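Take the sequence shown: its position 33, counting from 1, is numbered 33 in UniProt numbering, and each next residue is one higher.
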Amino acid sequence: MATSLITKKKIAKAFKKQLAVKNFDKISVVDIMDQAQIRRQTFYNHFLDKYELLDWIFETELQEQVTHNLNYIRGFQLLEELLFYFERNKTFYAHLFDIKGQNDFYSYFVDYCQVLMAKIISEYQSQEMSQSDDSDYLAFLTHYHARALADMLKGYVSQDEPKLYLPYFKKLILASIR
């Protein structure tokens with residue numbers, strides 16, 4: 001099983017290298033496997049196509065950053081680590097946000113932002129809010145802040161946003177939940 005994971009990671013690394021120099025639509029399985037220096041059939045032992053590889057990369061990398069740490073790290077610390085991770089992998093995620101259609105990274109990423117925002121809101125919501133029955137409002141806040149975070153990160157890695165203002169984002173979230 002460990003060999004399988006190592007092989008998948010090697011294929012993912014080769015895919016990332018290809019994505020740095022080519023558009024997603026122009027990358028073939030042959031390109032990926034030539035980069036990885038592994039025979040092409042090995043790719044199909046692990047993935048159906050490059051879209052499934054892309055899904056696997058989303059899942060494993062974002063799970064490592066968000067989901068696996070939900071019970072161990074406070075929400076804003078997780079957010080800071082996520083921002084640091086995106087900073088280190090800015091070029092790769094800029095390309096991912098450009099992919100439209102079958103495996104739209106943005107939609108997938110919003111789901112992870114929802115999980116992160118739900119954690120932050122549950123940790124910091126006011127006593128009155130936690131006692132109220134307004135679950136619709138909490139769901140709205142979670143969705144709103146998740147979309148805002150996803151849009152900010154998309155703009156940041158795409159160079160549209162010059163800087164992420166984490167302190168302002170924290171202030172805005174806290175003001176809306178207290």
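Ideal placement from N, C-alpha and C gives every residue a C-beta, glycine not left out. Computed from a prediction, not measured in an experiment: that's the story for all the values here.
**Request:** May I have the straight-line CA-CA distance separating lysine 170 from phenylalanine 97, to the nearest angstrom?
**Result:** A straight-line Cα-Cα distance of about 24 angstroms links lysine 170 and phenylalanine 97.
**Asked** What three-state label does DSSP hand arginine 74 in the structure shown?
**Response** In the structure shown, the three-state DSSP call for arginine 74 is coil.
**Asked** DSSP three-state call for isoleucine 38: helix, strand or coil?
**Response** coil
**Item:** Buried or exposed (CB count within 10 angstroms, at least 16 for buried), alanine 175
**Value:** exposed
**Request:** Pair every Cβ in the segment 142-149 with every Cβ in the segment 84-93, then say whether three or more of these pairs are closer than 8 angstroms.
**Result:** no
**Asked** Are the CB atoms of glycine 155 and lysine 119 nearer to each other than 7 angstroms?
**Response** no
**Prompt:** Nearest to glutamate 52 by CA position, among Asn23, Lys8, Ile177 and Ser158, is which residue?
**Reply:** Lys8
**Request:** State the DSSP-derived secondary structure class of tyrosine 44, mapped to helix, strand or coil.
**Result:** Here tyrosine 44 sits in helix by DSSP.
**Message:** Looking only at its chain, what residues have a beta carbon closer than 7 angstroms to the beta carbon of isoleucine 121, apart from the 5 residues adjacent to it on each side?
**Reply:** Leu138, Leu141, Thr142 and Ile177
**Asked** In whole angstroms, what separates the C-alpha of asparagine 69 from that of leucine 78?
**Response** 7 angstroms
**Request:** Look at phenylalanine 15 and isoleucine 32 and say whether their C-beta atoms are less than 7 angstroms apart.
**Result:** Cβ atoms of phenylalanine 15 and isoleucine 32: closer than 7 angstroms.
**Among Cys113, Tyr44, Ile99 and Arg40, the one whose alpha carbon lies nearest that of residue 232** = There is simply no residue 232 to check, as the chain begins at 1 and stops at 178 in what is shown.
**Request:** Going by CA-CA distance only, name the one from Glu80, Asp134, Thr60 and Lys90 that's closest to alanine 108.
**Result:** Note on residue identity: the sequence assigns tyrosine, not alanine, to residue 108. Minimum Cα distance to tyrosine 108 is reached at Thr60.
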